[in-house]
Amino acid sequence: MKNVQTEVLVIGGGATGSGVAWDAAARGFETILVERKDLAEGTTGRFHGLLHSGGRYAVKDRLAAEECIHENRILRRVASDAIEDTGGYFVTTPWDDPAFGDKFLEGCRACEIPVEEISPSQAFQDEPRINRGISRVFTVPDAAIDGWKLVWDCAKATTEHGGRVFTYHQVLGILRAGDVVRGAKVRNELSGEEFEIHADFTINATGAWAGKIADMAGCPGVQVLAGKGIMIAMNHRLVNTVINRCTMPADGDILVPIRTVSVIGTTDIRIKDPDEPDVTQDEVDRMLDDGEKLVPGFRKARALRVWAGVRPLFKDARAAETTDTRDVSRSHALLDHRDRDGVAGFLTITGGKLTTFRMMAEETVDMMCEQLGAQRACRTSADPLPSSKTGKFMWLGERLKEREATMHEDQLICECELIQRSSLERVMTQRSSTILDDIRRALRLGMGPCQGGFCMYRATGILHDVERMDSWAANRSLRDFLQERWKGVQPILYGDQLRQARLDDWIFQGVLDVEHLPTDQLDDHPASDRA
Amino acid sequence: MIEDLIRGSLDHCIKCTICESHCPVSRATPLFPGPKYVGPQAERFRTGDTSPDDSLDYCSGCGICTHVCPQGVKVAEINSRARRTLKESKGIRLRDKVIARPSLSAKLATPVAPVANWTLRSKPIRAAIETTAGVDRRAPLPTFAGRTFQKWARKHEGPKLGRSVVYFHGCSANWFEPDLGAKTVAVLEHNGFNVIVPKGQDCCGLPLQSNGLFDDATGYVNRLVAKLAPYAREGYDIVATSTSCGLMLKREAHEILGMESDDLRVVSERMYDICEFLLDLHDRGELKTEMAPLSLKVPYHVPCQQRGHEMGKPALGLFGLIPGLEVVDTQRTCCGIAGTYGLKKEKYDIAMEVGRSLFEDITGMEPELSVCDSETCRWQIEHATEIPSVHPIELLHRSYGL
Amino acid sequence: MRDVLVVGIGMSGLTAALRCQEAGLSVTLLAKGVGSTHLAPGTIDVLGYGPDLVESPSQALPRFIDGSPEHPYARIGVDALSRSLEWFGERFDAYRYTGAVDENLLLPTAIGSIKPSALVPESLSAGDLRNGGRFLIVGLRQLKDFFPALVAQNIANAKTPSGAGISARAVQIEPPTNGEPDLSSLAFARRFDEPEFLDAVAKQIGAHLDGDESVGLPAVLGVQHPHEVWTGLQDALGRPVFEIPSLPPSVPGMRLYEILRAQFEAGGGRVVVGAEAVGADTDGDRVTAVRVAAAARIKPYPAGHFVLATGGFGSGAIEMGANWSVREKVFNLPVAGVPEDGNERFGPRYFDAHPLSRAGIRVDDSLRPLDDNGNRVYANVTVVGACLAGSEAWREKSGEGISLSSGYKAAETIVEEQT
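Heads up: the sequence lines are chains A, B and C, in that order.
Residue numbering for the first sequence follows the numbering used here, beginning at 1 and increasing consecutively.
Residue numbering for the second sequence follows the numbering used here, beginning at 1001 and increasing consecutively.
Residue numbering for the third sequence follows the numbering used here, beginning at 2001 and increasing consecutively.
What follows is the structure in structure tokens.
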């Protein structure tokens, strides 16, 4: 069997894994990152896009709050391209206790989170859609962060330092030589090829799936609870500032303006299997009602898509048994398996939140260095990611401005999200991916109001052309995309989005008749639903 | 708040492309990416304090997009508001400030109208104006009448009649077409209405609004409705012969400028386009229908702003009452002038291209005259076809034998 | 007061309005915007799948109706349907529709699927794949809504009922567009109306011709003069030419709208666009007027009879609110077929039959609206088109057939009522 040699193998392509790969590669380690699907297809691609200031934890969990503000400052420097400096408000709504605001102020100051109380009328001027019943408003340096941009930039940093990133590579088993982990056996899901990766050190950064990988390494009992949360993206920016409820953390208390949408989240329900998060009608109603409290008229605004993300919560044996996984420590857990299980060359990093991903990666690679006897310092707080070298933040109107310059040269394929043909072709070639959903994540293709109604046909045609696919594969790509999209859209079909869905039905079924495209033997085994 | 309702209406957009299929400007020039693009689509990329897309400036504000949208997106209104932000961030040219104040120039020019008119027809002077101020030398600037409708109204002693109606004459009737005002009064009196012409009516602010000067426009609207509101509150209807100015008070001041004053509200409720008013009379059996035949075959152009009234085409109903008159509805969407848009150097050619098929339809018929409810359209059409253009009221006036 | 007020200017509204006008009634046609014609491919699809591929709608319909007693066709009847299609075919002069209710053509779609349609514009008819053939599919580089290679490969793999083979290849030309890279179907269609442009394109295609291939293009062959453009291109190339409809803006749809609307206005019909019907005034079981939102006021439009042709969920005429309750927005007619709260509105897979899809207004055989108990709601209202309950038109490929036949049938009801 073919094998590939490297120094560090990182398993898991979410923020944590990508961060570890970036860190290790930047320290000069030969690194390979493997991910069973597309980067950030797990939790990182399904969060609400908030770069915490730490305000949310200032009262309840001071450690977490301090970590957040510390990392917030660093990421603004090194990952600026993935961040929009929206700022944040903590607001006391008619449903919140005004006295909590004082505790909040106190907590923020204790954690050194820059905070200021402003008058509600000033807040209403800047954010006219928020509830006029709000009685107190505090500003904090919350920001919006694009998880995909971030993760792909980490991947880019990894490859710029000589590392390699393998997406659609599933780990089949962890290789052991006695008590030492020596890498993994993987399968390329697209080609079917199986091979081994031989590494001096292996890092398990698979988040909610960490227990499964640890089991494979012969380190059982790594218990990671799966805390499911749903989020709904609303069609346009109802607000341009992150809005948080000024209260103890609860459901539906954050509204984040991220790229062209506003995201309301989230719930917290413990589920058994992180691959099977579902969305219930009840959760959807609750999120819409919660949105209504922050922005009156929210329910009448257009909901684009709903999805479920799974938080990894490492259960410390000392925490009390509880179904509200929010109460389990939100701080991360770095497991030294040499200590815990007598297995060397293997670490598990799990838990945490996206805001602290870099810190988690730093701690992990530090511990790895210690175990390897290597004296290498972390570079990630000093050296910006490749796209962030100018230090400029993302801003909403970027694509609109860029398009002005290219309007007469390049076709606009996804009109909702202003994506040009050249961008599509570039990503398709770079990623060599035939999965339209990957392109969606990379560029936001089909993530606007029409949810692919117009652009998906065009993208399929371009993919067929660029990737020199055969028509069977192109047809499959489109059908798979339509099914994937349906999962996210179906639970929120009311009002305008139902209208849109109906037009899209007329396009895909009435005009194109995708359902009756010719099928081959590969279609007899329909693509399984991917979580 | 109304701004939120306008911006929020972008949620209704299902990207069906109907608006851009009907947009007369994007059809005429690739410089304008179309109403769907600059309206509900680009609005998702704006934060309210910047509008990074300069191409938005090519929107003429004709409103056809909103008119044909089957989902209720306020496309034109979104564009107008975004254009204001764009212009504020870029600074508004002196040219725009001047051409947006027709009553101001008119006040200065009217006492010396012959000279003023001569000046504006002089080729070298127009060339100089084009170079310095950006008003295209070929653009159809109106001719000052040299006398005002207001002055005529002050002197006019109408018969004492049972009912009354208020006449909002607008800048055009006052400074440029006072005869139209007089004919309108005659037609109304013929139908039993005492015509009240409130003094001191100034501009409705529409050209200021379409040039992004929202604060100034609001000032003009406030002053105007202050003059008209007392009559509205007493229950008088208000008629307008300038269909665009009538629409400004009926709707645009509220939806585009975001004005919500009580004065504006009562005036809107009582505001009627003159053809709308007369056809409603007819539907109630109250319009005099003894009309002499007019042996004419004439083209009729429905201005964009008339469509904005959402009242159908009442002028066609009135024309149907005149024996011998054959009116051909050209069915073209726009003449191109769009208020002050087509006067500007960078837009004159686009405007002429937008109106091209309309002009060809009209000249092709070789008519004695054409008919149109909006004065700026009439001036554009006359400029392009060299055939006189009149308001529908003129045909009624003629047929009544007044 | 007008005899008839039709609310909605899609296929069903235009049909009802024209038929009533032909019968001598005075008609006003009111619409919020422009209708469904601009979004639909311009073919008249009567029944394509029921659930299997239908080769002959007239043969399949009786059984189909037996199996779906709540379907609009069950109310309208095969007889009225056939007459409506005949009537429709007679509306056209130079630019004609071909086909009949006895057999479906199988036309290629813009992705290369093959779709059954009963009546199609002349410029699409040579694309009939039932007997196989050799095809050259031509794309236009500046048109992003058409991918000739994908169309060619897919139709070549299609299985025709007769087993006849299809061979197809693709080519892309670059017509002169003054350097603009991104033009819509409509923008191209307007250019095709100009003879010089047509000539230039004909030359470009001519360079690629081989043997006896029929030539397929996206549906861009003129919007003002479609007959001249299509015949002109066929003559220039010396072989059959056909159009393939794609995403909106639908040029064949717009042609249809322009033709029907012009006929209606020429006959004295009044059209009011940009006017949204927001309610109705009633007196017992009769509607006396529809209330319409105009600028600054609500205007009542009284009439003797009212036709609801406003569309279904797609046009927002029937709306599901954020609290999951459903409402028909003009007359507040009861909406049938909405799954109860707690029950699924949609299935888990996109191509499933979804419970909500068949929701709409239930009618009797005269197309008057019924309530949940089967009683007539209003005596002088008929309901047509996409707001009717009982069909999943986009899956069955029956949308235009329902719109056309229901509009036609409603006019019959109205004329009867008047006499």
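The beta-carbon is built from N, C-alpha and C at its ideal position, and this holds for glycine as well.
Values in this document were obtained by computation on a predicted structure and should not be read as measured data.
What residue from C:2076, C:2257, C:2336 and C:2232 has the CA that sits closest to residue 1995 of chain C's CA? With chain C covering only 2001 through 2419, there is no way to say anything about residue 1995 of chain C.
Assuming residue 1014 of chain B and residue 1071 of chain B form a contact by the criterion Cβ under 8 Å, report the distance between their Cβ atoms to the nearest whole angstrom. For the purposes of this step, residue 1014 of chain B is identified with residue 14 of the second sequence, where counting begins at 1. For the purposes of this step, residue 1071 of chain B is identified with residue 71 of the second sequence, where counting begins at 1. About 6 Å separates the beta carbons of residue 1014 of chain B and residue 1071 of chain B, which is inside the 8 Å limit, making them a contact pair.
Stretch pair the stretch 2234-2241 of chain C + the stretch 2155-2166 of chain C: three plus CB contacts closer than 8 Å: Contact between the stretch 2234-2241 of chain C and the stretch 2155-2166 of chain C is absent, because fewer than three Cβ pairs lie under 8 Å.
Quick check on the DSSP output: what are the complete alpha helix (DSSP H) runs of length 4 or more inside the stretch 1200-1239 of chain B, in order along the chain? Fully enclosed alpha helix (DSSP H) runs of 4 or longer: 1206-1210 and 1214-1233.
With 8 Å as the limit, tell me which residues of the stretch 1252-1278 of chain B have their beta carbon closer than that to any beta carbon of chain C; keep them in chain order. From the stretch 1252-1278 of chain B, only 1268, 1269 and 1271 have a Cβ closer than 8 Å to chain C.
Against chain C, which members of the stretch 412-437 of chain A pass a CB distance test of less than 9 Å? Listed by position, the residues of the stretch 412-437 of chain A near chain C (Cβ gap below 9 Å) are 412, 413 and 421.
Return the first residue and the last residue of the alpha helix (DSSP H) that residue 1127 of chain B is part of. What you label residue 1127 of chain B is simply residue 127 of the second sequence in a count that begins at 1. Taken as a continuous stretch (DSSP letters only), the alpha helix (DSSP H) holding residue 1127 of chain B covers 1123-1133.
Would you call the stretch 101-118 of chain A and the stretch 503-517 of chain A touching, i.e. three or more CB-CB distances under 8 Å? No, the stretch 101-118 of chain A is not in contact with the stretch 503-517 of chain A.
Contact under 9 Å by Cβ, residue 1101 of chain B with residue 1135 of chain B: The residue given as residue 1101 of chain B occupies position 101 in the second sequence. The residue given as residue 1135 of chain B occupies position 135 in the second sequence. No.
When you compare only the Cα positions, how much space is there between residue 2326 of chain C and residue 2293 of chain C? Mapped onto the third sequence, residue 2326 of chain C falls at position 326. Mapped onto the third sequence, residue 2293 of chain C falls at position 293. Roughly 21 Å between the two C-alpha positions.
Start and end residues, alpha helix (DSSP H) containing residue 2078 of chain C: As a first step, residue 2078 of chain C is located in the third sequence; it is residue number 78 there, counting from the start. Looking at the DSSP string, the run of the alpha helix (DSSP H) that includes residue 2078 of chain C is 2078-2089.
Using a beta-carbon distance below 9 Å, is residue 2254 of chain C in contact with chain B? Residue mapping note: residue 2254 of chain C aligns to position 254 of the third sequence, counting from 1. Yes - at least one Cβ of chain B is within 9 Å of the one on residue 2254 of chain C.
List the residues of chain C that residue 495 of chain A touches, going by C-beta distances under 9 Å, in chain order. Indexing the first sequence from 1 puts residue 495 of chain A at position 495. Going along chain C in sequence order, the residues near residue 495 of chain A (Cβ under 9 Å) are 2316, 2319, 2320, 2321 and 2322.
Against chain A, does residue 1012 of chain B count as a neighbour if the rule is that its beta carbon must be under 9 Å from one of theirs? As a position in the second sequence, residue 1012 of chain B is number 12, starting the count at 1. Interface flag for residue 1012 of chain B against chain A is set, since a Cβ pair is found closer than 9 Å.
Going by DSSP, which residues form a beta bridge with residue 166 of chain A? Here the question's residue 166 of chain A lines up with position 166 in the first sequence. Assignment of beta-bridge partners to residue 166 of chain A by DSSP yields A:34.
Establish whether the CB of residue 503 of chain A and some CB of chain B are separated by less than 9 Å. Here residue 503 of chain A refers to the residue found at position 503 when the first sequence is read from its first residue. Yes, its Cβ sits closer than 9 Å to a Cβ of chain B.
Would you list, in sequence order, the uninterrupted beta strand (DSSP E) runs of no fewer than 3 residues that lie entirely inside the stretch 390-419 of chain A? Whole beta strand (DSSP E) segments, 3+ residues: 412-414.
Thinking just about the alpha-carbon of each residue, which of C:2324, C:2376, C:2404 and C:2299 is nearest to the one in residue 2309 of chain C? As a working mapping, residue 2309 of chain C is identified with position 309 in the third sequence. Answer by Cα proximity: C:2404.
With burial defined as no fewer than 16 other Cβ atoms inside 10 Å of the residue's Cβ, what is the status of residue 435 of chain A: buried or exposed? Here residue 435 of chain A refers to the residue found at position 435 of the first sequence. Within a 10 Å sphere around the beta-carbon of residue 435 of chain A sit 16 or more other beta-carbons, which makes this residue buried.
For residue 1046 of chain B, which of helix, strand or coil comes out of DSSP? Numbered from its first residue, the second sequence carries residue 1046 of chain B at position 46. Residue state, collapsed to three classes: coil.
Return the Cβ separation of residue 1030 of chain B and residue 408 of chain A in integer angstroms, given the expectation that the two are a contact with Cβ distance under 8 Å. As a first step, residue 1030 of chain B is located in the second sequence; it is residue number 30 there, counting from the start. As a first step, residue 408 of chain A is located in the first sequence; it is residue number 408 there, counting from the start. Sure, about 6 Å apart at Cβ, within 8 Å.
Looking at the secondary structure, which residues open and close the alpha helix (DSSP H) in which residue 1028 of chain B lies? Position 28 of the second sequence, counting from 1, holds the residue named residue 1028 of chain B. Counting along the chain, the alpha helix (DSSP H) containing residue 1028 of chain B begins and ends at 1024-1028.
By the DSSP assignment, the alpha helix (DSSP H) with residue 1341 of chain B in it spans what residues? Indexing the second sequence from 1 puts residue 1341 of chain B at position 341. Following the DSSP letters along the chain, one finds residue 1341 of chain B in no alpha helix (DSSP H), marked with neither H nor E.
For residue 300 of chain A, go through chain C and note every residue whose CB falls closer than 7 Å to its CB, in chain order. Stepping through the first sequence from its first residue, residue 300 of chain A is reached at position 300. Result: 2322.
Let me know the secondary structure DSSP gives residue 2049 of chain C once reduced to three states. To locate residue 2049 of chain C, count along the third sequence from 1; it is residue 49. In the displayed model, residue 2049 of chain C falls within a strand according to three-state DSSP.
Is residue 1280 of chain B close to chain A, meaning its C-beta is less than 9 Å from at least one C-beta of that chain? Taking the first residue of the second sequence as 1, we reach residue 1280 of chain B at position 280. Look at residue 1280 of chain B: its C-beta is not under 9 Å from any C-beta on chain A.
Would a C-beta distance cut-off of 9 Å place residue 137 of chain A and residue 119 of chain A closer than the cut-off? The residue you call residue 137 of chain A lines up with position 137 of the first sequence. The residue you call residue 119 of chain A lines up with position 119 of the first sequence. Contact flag set, yes.
Taking only beta-carbon atoms, is residue 2304 of chain C less than 9 Å away from chain B? In the third sequence, the residue the question calls residue 2304 of chain C occupies position 304. Residue 2304 of chain C does not count as touching chain B.
For residue 309 of chain A and residue 229 of chain A, the rounded distance between their alpha carbons: Counted from its first residue, the first sequence places residue 229 of chain A at position 229. Counted from its first residue, the first sequence places residue 309 of chain A at position 309. Straight-line Cα distance between these residues: approximately 5 Å.
Specify, as a first and last residue, the run of the beta strand (DSSP E) that residue 307 of chain A falls within. For the purposes of this step, residue 307 of chain A is identified with residue 307 of the first sequence, where counting begins at 1. Start and end: 303-314.
Specify, as a first and last residue, the run of the alpha helix (DSSP H) that residue 277 of chain A falls within. In the first sequence, residue 277 of chain A corresponds to position 277, counting from 1. Premise fails: residue 277 of chain A is in no alpha helix (DSSP H) and is neither H nor E.
What in chain C is Cβ-close to residue 409 of chain A, meaning under 7 Å? Position 409 of the first sequence, counting from 1, holds the residue named residue 409 of chain A. Proximity of chain C to residue 409 of chain A at the Cβ level (cut-off 7 Å) is accounted for by 2181, in chain order.
Can you tell me where the alpha helix (DSSP H) holding residue 1260 of chain B begins and where it ends? As a working note, residue 1260 of chain B is residue 260 in the second sequence. First-last for residue 1260 of chain B: undefined, no H or E at that position.
What separation, rounded to the nearest whole angstrom, lies between the Cα atoms of residue 221 of chain A and residue 211 of chain A? Sequence index remark: in the first sequence, residue 221 of chain A carries index 221 (1-based). Sequence index remark: in the first sequence, residue 211 of chain A carries index 211 (1-based). The straight-line gap from Cα to Cα measures roughly 7 Å.
What three-state label does DSSP hand residue 131 of chain A in the structure shown? The residue labelled residue 131 of chain A in the question sits at position 131 within the first sequence. The DSSP-derived three-state label of residue 131 of chain A is coil.
Can residue 1233 of chain B be considered in contact with the ligand MN, in the sense that its beta carbon sits closer than 8 Å to one or more heavy atoms? What this structure holds is no ligand at all, so the ligand MN is not there to describe.
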